[in-house]
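> In my numbering, the protein residues as written are 2 to 57.
Dropping a structure here in structure tokens format, bear with me for questions.
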Amino acid sequence: MVAPANIAGEAFDFLVSNPLFTVVLAGMLGFVFFMYLLVRRTVLGLREGFDSGKGR
């Protein structure tokens with residue numbers, strides 16, 4: 002069995018040795034986070050609109 006610290010160390014070494022992959026990965030994570038915030042804002046706005054339309 003491989004120790005978790007060893008796996009984390011190898012992943013860190015991989016990210017440091019491949020800067021382009023690291024930038025692409027960070028960009029993808031940023032995009033997913035942005036989309037989450039966009040969808041969350043849209044759903045909350047819809048809920049607020051429905052509630053104000055019902056007279057609450």
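Backbone N, C-alpha and C fix where the C-beta goes; we use that ideal spot for every residue, glycine too.
Computed from a predicted structure; not experimentally measured.
With residue 30 and residue 23 assumed to form a contact (beta carbons below 8 Å), what rounded beta-carbon distance in angstroms separates them?
Rounded to the nearest angstrom, the Cβ distance from residue 30 to residue 23 is 11 Å, too far for a contact under 8 Å.
> Hey, how far is the Cα of residue 11 from the Cα of residue 25?
19 Å
> Identify every run of the alpha helix (DSSP H) within the region 7 to 52, keeping only runs that are complete inside it and at least 4 residues long; order them along the chain.
none
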